[in-house]
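One structure below.
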Amino acid sequence: MRERIGSYPRVRVQGNGRQVVSQAGSVLLVETVRKSGLDQEISAALAPWRKPRAVHDPGRVFLDLALAVALGGDCLADIAMLRSESAVFGLVASDPTVSRLIDLLAASGEKALDAVSRARSEDRSRVWSLAGDRAPRAGGKVTVDLDGVLVVAHRDKQDAAPTWMKTYGHHPLMGFVDHGPGGTGEPVVPLLWPGNAGSNTAADHITATRLALAQLPQEHRRGRRTLIRTDSAGGTHEFVSWLARRGCWLSYSVGMTITDTVHQHVLKIPASAWTPAIETDGEVRDGAWVAELTGDVLDGWPKGVRLIVRKERPHPGAQLRITDADGMRITCFATNTANRPIAELELRHRPRARAEDRIRAARATGLRNLPLHEAAQSKIWLEIVQIALDLLAWMPMLALTGNTRLWEPRRLRFRLYTAAGQLVTTGRRYILRLARHWPWTHDITAALDRLAQLPNPG
């Protein structure tokens, strides 16, 4: 009897396969581009940068790069993954053509970035309209979370600097639209700053808020239909005052640093003034309470601001901070929302932590490092990453249901996009047959059916 070596089957491998398509599940992203009209928007936006007699459309090249990043690429050369599957992605530009385009767009300064941003904004309105009640408009409002991201540089690049975490690289400020507990989120702000940029610079938060509002559909730029959430980095007098001056059309929920003044007022709050914190189902959260600070602690802050504190028993083994009190972990945030119970406001502020999930997804989608050297090139790369993240958020919002809508990029790639298929030609039609045994083939085909039912762009 022949002895079996190893615990896995042994197969012969040949490199002469034909009509085999890897990354076959990526047709989900291609169909999302087609139905959203993003290819048309980006092509029109970058038309001024198309040279006479050019073979490749700059907008198409730009979008191909975003697709490559969405599928897991982390440098310009990874566009080769698309080039090798022309049956799915069509004609893809060569590496030199891609590099020349990036240099050309970077040399234009902010013009190219502004053009792409306007195209993304227009397309976002269409996608949200197609999504209907699945769009991120809980209660008719949109929530935008602002947060900083540390991007490590592995070699000396322009504007790279030591960070507060004792690493070396960049410190971009980003903003994400929160899709709520039933979805993920999509990016709306990419601000590239050196690694030593301050995390609580008010001017940066003001710029980021303006950019975020410009990305939202027109109806969400007025009438308090947008909520801006930040951690304590946004809790500065200047930023809160700027938000307050726009209080007639903007709501905010901004984390605050526990200063000595706030700490002393927390110690004076009577036991009867603490209200139990609640969970999303309305049940009382055991071991956590909230209260509102009033009096001279609000001196110097804008009129109408509410300062809400939360105390909770720390997790076993957690180290208390100097700002904690009576063995309780203390946090604080400011808001301009009136006539709502403080427990509801605290529950609304708490999901700001989902921004950390969005940052993790961004790092897994081209933001692990910035592969280009010049700062202007890195800004272009950031915009490519934003489009990739848009597609990874729009496809589940338009086509997936249930728990699959919560899948982050790595799981989407592993289960859906990397599915293999066979390309069959019948007459003048191409049919892509996915593997019957793949556990998630039904999810792919059902999602494609939902995308097919959406109207084509005008």
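Numbered per my numbering, the sequence shown spans residues 35 to 492.
Heads up, the beta-carbon is just placed ideally off N, CA and C, and yes, glycines get one too.
Small disclaimer: the values here were computed from a predicted structure and weren't measured.
Would you mind listing the alpha helix (DSSP H) stretches within the stretch 415–478 that are 4+ residues and don't spill past its ends, in chain order?
-> If we require 4 residues or more, the alpha helix (DSSP H) runs fully inside the stretch 415–478 come out as 443–446.
DSSP state of ILE303, grouped into three classes?
-> Three-state DSSP puts ILE303 in coil, outside helix and strand.
Could you round the C-beta distance between GLY289 and THR328 to whole angstroms and report it? I think they count as a contact, below 8 angstroms.
-> Their Cβ separation, rounded to whole angstroms, is 19 angstroms, which puts GLY289 and THR328 out of contact at 8 angstroms.
Could you have a look at VAL211 and say whether DSSP puts it in helix, strand or coil?
-> In the structure shown, VAL211 adopts extended strand secondary structure according to DSSP, grouped into three states.
Does DSSP put PRO251 in a helix, in a strand, or in coil?
-> DSSP places PRO251 in coil when its eight states are reduced to three.
Could you give the distance in angstroms between the alpha-carbon of ARG384 and the alpha-carbon of LEU180?
-> Between the alpha carbons of ARG384 and LEU180 lies a gap of roughly 14 angstroms.
May I have the straight-line CA-CA distance separating TRP415 from LEU404, to the nearest angstrom?
-> LEU404 has its alpha-carbon roughly 7 angstroms from the corresponding atom of TRP415.
State the Cα-Cα distance for the pair LEU207 and GLY492, rounded to the nearest angstrom.
-> One C-alpha to the other measures close to 35 angstroms.
Output the distance between the C-alpha atoms of TRP474 and LEU440, rounded to the nearest integer angstrom.
-> Taking the straight line from one Cα to the other gives about 15 angstroms.
Could you tell me if the beta carbon of GLU313 falls within a distance shorter than 6 angstroms of some heavy atom in the ligand FMN?
-> Because no ligand of any kind appears in the structure shown, any question about the ligand FMN cannot be addressed here.
At what residue ranges does the stretch 91–155 contain a whole run of the alpha helix (DSSP H), taking only runs of 4 or more?
-> Those alpha helix (DSSP H) runs which fall completely within the stretch 91–155 and span 4+ residues are 92–104, 114–117, 120–123 and 129–141.
CB-CB length for PRO310 against VAL318, believed under 8 angstroms | Rounded, the Cβ-Cβ distance is 4 angstroms, consistent with contact.
For ASP108, which of ALA236, VAL419 and ILE478 has the nearest alpha-carbon?
-> It is VAL419.
Taking only runs of the beta strand (DSSP E) that begin and end inside the stretch 298–344, which ones reach a length of at least 3 residues, in chain order?
-> Runs of beta strand (DSSP E) with 3 or more residues, each lying fully within the stretch 298–344, are found at 309–312 and 318–327, listed in chain order.
Could you pull out every residue in the same chain whose Cβ sits closer than 7 angstroms to the Cβ of LYS413, ignoring the five residues on either side in sequence?
-> Its chain contains LEU147 and LEU226 as the residues whose beta carbon lies nearer than 7 angstroms to that of LYS413, once the 5 sequence neighbours on both sides are disregarded; these appear in chain order.
Contact between the stretch 137–152 and the stretch 80–94 (3+ Cβ pairs under 8 angstroms) = Below 8 angstroms, enough C-beta pairs join the stretch 137–152 and the stretch 80–94 to call them touching: three or more.
Going by CA-CA distance only, name the one from HIS205, GLY338, ALA398 and PRO430 that's closest to PRO224.
-> Comparing C-alpha distances from PRO224 to each of HIS205, GLY338, ALA398 and PRO430 shows the shortest one belongs to HIS205.
Looking only at its own chain, which residues have a Cβ that is under 7 angstroms from the Cβ of SER77, when we skip the five neighbours before and after it?
-> Apart from sequence neighbours up to five positions away, the residues of its chain that approach SER77 with a beta-carbon distance below 7 angstroms are ASP91, GLY93 and ARG94, ordered along the chain.
Which class does ALA395 belong to by DSSP, given the choice of helix, strand or coil?
-> Helix.
Is DSSP giving LEU488 helix, strand or coil here?
-> The DSSP-derived three-state label of LEU488 is coil.
In terms of DSSP beta bridges, what is PRO25 paired with?
-> Residue numbering for the chain in the displayed model covers 35 to 492; residue 25 lies beyond these limits and cannot be assessed.
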